[in-house]
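A.B. asks: So the protein sequences, as listed, match chains A and B.
107 is the number of the first residue of the first sequence in this note's numbering; add one for each residue after it.
107 is the number of the first residue of the second sequence in this note's numbering; add one for each residue after it.
Cβ coordinates follow ideal geometry from the N, Cα and C atoms, glycine included.
Please read these numbers as outputs of a predicted model, since none were measured by experiment.
Take this structure, written in structure tokens, and hold onto it; I'll ask about it next.
Number of protein chains: 2
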Amino acid sequence: MKHEGTLIVVSGFSGAGKGTLMKELVKTYNNYALSVSMTTRNPRPGEVEGESYFFVTKEEFEDQIEKNGLLEHACYCENYYGTPRSYVEKQVKQGKDVILEIEIQGALKIKEKYPTAVLLFVMPPSAKELRRRLIGRGTETVEVIDKRLSRACEEAEGIEEYDYIIINDKLEECVCQLHEIIRAAHYTIPRNTEFIEKIRGELKEFAKGEK
Amino acid sequence: MKHEGTLIVVSGFSGAGKGTLMKELVKTYNNYALSVSMTTRNPRPGEVEGESYFFVTKEEFEDQIEKNGLLEHACYCENYYGTPRSYVEKQVKQGKDVILEIEIQGALKIKEKYPTAVLLFVMPPSAKELRRRLIGRGTETVEVIDKRLSRACEEAEGIEEYDYIIINDKLEECVCQLHEIIRAAHYTIPRNTEFIEKIRGELKEFAKGEK
Chain A
107 MKHEGTLIVV SGFSGAGKGT LMKELVKTYN NYALSVSMTT RNPRPGEVEG
157 ESYFFVTKEE FEDQIEKNGL LEHACYCENY YGTPRSYVEK QVKQGKDVIL
207 EIEIQGALKI KEKYPTAVLL FVMPPSAKEL RRRLIGRGTE TVEVIDKRLS
257 RACEEAEGIE EYDYIIINDK LEECVCQLHE IIRAAHYTIP RNTEFIEKIR
307 GELKEFAKGE K
Chain B
107 MKHEGTLIVV SGFSGAGKGT LMKELVKTYN NYALSVSMTT RNPRPGEVEG
157 ESYFFVTKEE FEDQIEKNGL LEHACYCENY YGTPRSYVEK QVKQGKDVIL
207 EIEIQGALKI KEKYPTAVLL FVMPPSAKEL RRRLIGRGTE TVEVIDKRLS
257 RACEEAEGIE EYDYIIINDK LEECVCQLHE IIRAAHYTIP RNTEFIEKIR
307 GELKEFAKGE K
């Protein structure tokens, strides 16, 4: 088996509970590293620099783009979001499965560059529940909530680009499902080409030997 | 989530240990049903009618083909092998994940008819180990072993048609991996189209309501 880690891209509607899910996954199992995105948006109450996001100015962000310091970046709700490259590459080399919480534009860019990346989409159990969660958060204005819901409507059109969906109903079950999916990804054919070639070679040697 | 079971096709070189692996899986976890194939080959010592295989004559087999009683069938090492349809369909409807232990020709036919089927290929840790296991079985002549090894060489060319490979080194680990892979298959996009359409519809209703 290959010993490099896998890139796991997690997307989902704002309010689907991705953040909580990811934190719980990393807490429950070893072998995961959570990539911290860089953004130009304002911190929400309770968000911590370097943990929730790296909060930077527009100028700092554009400087990172120029330096090729980002694995991918995209604009969403008029703010930049991006994935710092060095942390991800280091963790993958050490065999960690690295989780990137990014939206669809970024997800597709990652899949293009890293075809063995696994793309997951987190869904709420229903649209009603999604709205309830967004309102319950209490940190967004009605206008922002409406914007996020109509954005969810657009995002839903891209779900077929993903490999798996997870319905975030019960947190514990969901964490377990996520772990199973990521484990399974290690056994796909494209991630095991080296081993397959080795066995093919050995079998051919046997076939020659017999004659 | 969909409540119908999934078809799980397991192939692998003769001697890779598929049979033991499948039995252990069914014993360890609920929710699996093992399909029993029909064959015209002779029983090996210890094989049980209706459990290892349904052993039938060539005439009986061809009668089943005509009656459309088989999900797929193929010829391998001059013997017929096939999957009786009724058992599989009944189990899937009851929500069981049904395991079919069949070779590549059959596997591809199943995938064509049932695109959400999961195709697994069981590998020995090395070709040397494969030969050791075939010899250790003590039930086959040297000619048959050589034939099986050269058949393995051909089969190895088709591995890219499969979804996952499992390296059968330690039985317990392997059973656990197999279970993870099958669980993960339940969360793929094509298996959840109904749910996705439901959410899309709900979100569109919200968007309309806002205006």
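Going straight from the alpha carbon of Asn298/B to that of Thr163/B, what length do you get?
C.D. replies: About 42 Å.
A.B. asks: Which partner residues does Glu207/A have in the DSSP bridge list?
C.D. replies: For Glu207/A, which the question treats as bridged, DSSP gives the partners Val116/A.
A.B. asks: Roughly how many whole angstroms lie between the Cα atoms of Ala233/B and Glu260/B?
C.D. replies: Taking the straight line joining both Cα atoms gives about 13 Å.
A.B. asks: Given a cut-off of 8 Å, decide if Gly175/A and Pro190/A are closer than it, judged by their beta-carbon atoms.
C.D. replies: Yes, Cβ-Cβ distance for Pro190/A and Gly175/A is below 8 Å.
A.B. asks: Since Glu286/B meets chain A, which of its residues come closer than 7 Å, beta carbon to beta carbon?
C.D. replies: Under the 7 Å cutoff, chain A gives Glu286, Arg289 and Ala290.
A.B. asks: Could you tell me how far apart the beta carbons of His285/B and Tyr135/B are, in whole angstroms, since I believe they sit closer than 8 Å?
C.D. replies: At roughly 6 Å, the Cβ-Cβ gap stays under 8 Å, so His285/B and Tyr135/B are in contact.
A.B. asks: Beta carbon of Thr146/B, beta carbon of Tyr193/B: below 8 Å?
C.D. replies: Contact: no.
A.B. asks: What does Ser256/A touch in chain B if you count any residue whose Cβ is under 9 Å from its own?
C.D. replies: Within chain B, the residues near Ser256/A are Leu309, Phe312, Ala313 and Glu316.
A.B. asks: Using the three-state DSSP reduction, which class does Tyr193/B fall into: helix, strand or coil?
C.D. replies: Of the three classes helix, strand and coil, the one that applies to Tyr193/B here is helix, per DSSP.
A.B. asks: Measuring CB to CB, does Asp275/A end up less than 8 Å from Leu226/A?
C.D. replies: Not closer than 8 Å, so no.
A.B. asks: Would you call the CB atoms of Thr112/B and Ile288/B closer than 8 Å?
C.D. replies: Going by C-beta atoms, Thr112/B is nearer than 8 Å to Ile288/B.
A.B. asks: Using the C-alpha atoms, what's the distance from Tyr182/A back to Asp252/A?
C.D. replies: C-alpha separation (whole angstroms): 15 Å.
A.B. asks: In the DSSP assignment, what are the bridge partners of Leu225/B?
C.D. replies: Val115/B.
A.B. asks: What span of residues does the beta strand (DSSP E) with Cys181/B cover, start to end?
C.D. replies: Leu176 to Tyr182 is the extent of the beta strand (DSSP E) around Cys181/B.
A.B. asks: Would you mind reading off the limits of the beta strand (DSSP E) that contains Ala139/B?
C.D. replies: That run of the beta strand (DSSP E) goes Tyr138 to Leu140.
A.B. asks: Should Asn136/A be flagged as near chain B, meaning a C-beta pair shorter than 8 Å?
C.D. replies: Chain B, which has no Cβ nearer than 8 Å to the Cβ of Asn136/A, makes this no.
A.B. asks: Taking the alpha-carbon positions, what's the Ile272/B to Ile265/B distance?
C.D. replies: Taking the straight line joining both Cα atoms gives about 11 Å.
A.B. asks: Which full runs of the beta strand (DSSP E) of 3+ residues lie inside the segment 249-297 of chain A, going along the chain?
C.D. replies: Correct list: 270-273.
A.B. asks: Between Glu168/B and Phe161/B, is the Cβ-Cβ spacing less than 8 Å?
C.D. replies: For Glu168/B and Phe161/B, no; Cβs fall outside 8 Å.
A.B. asks: Whose CA, out of Val142/A, Tyr159/A, Pro221/A and Glu267/A, lies closest to the CA of Leu206/A?
C.D. replies: Of Val142/A, Tyr159/A, Pro221/A and Glu267/A, the residue nearest in Cα terms is Val142/A.
A.B. asks: So is Arg239/B in contact with chain A if we call contact Cβ pairs under 8 Å?
C.D. replies: It does not: the Cβ of Arg239/B has no partner Cβ on chain A nearer than 8 Å.
A.B. asks: Please report the Cβ distance between Glu130/B and Val228/B, rounded to the nearest whole angstrom; I am assuming they are in contact, meaning their Cβ atoms lie under 8 Å.
C.D. replies: Not a contact, Cβ separation roughly 12 Å.
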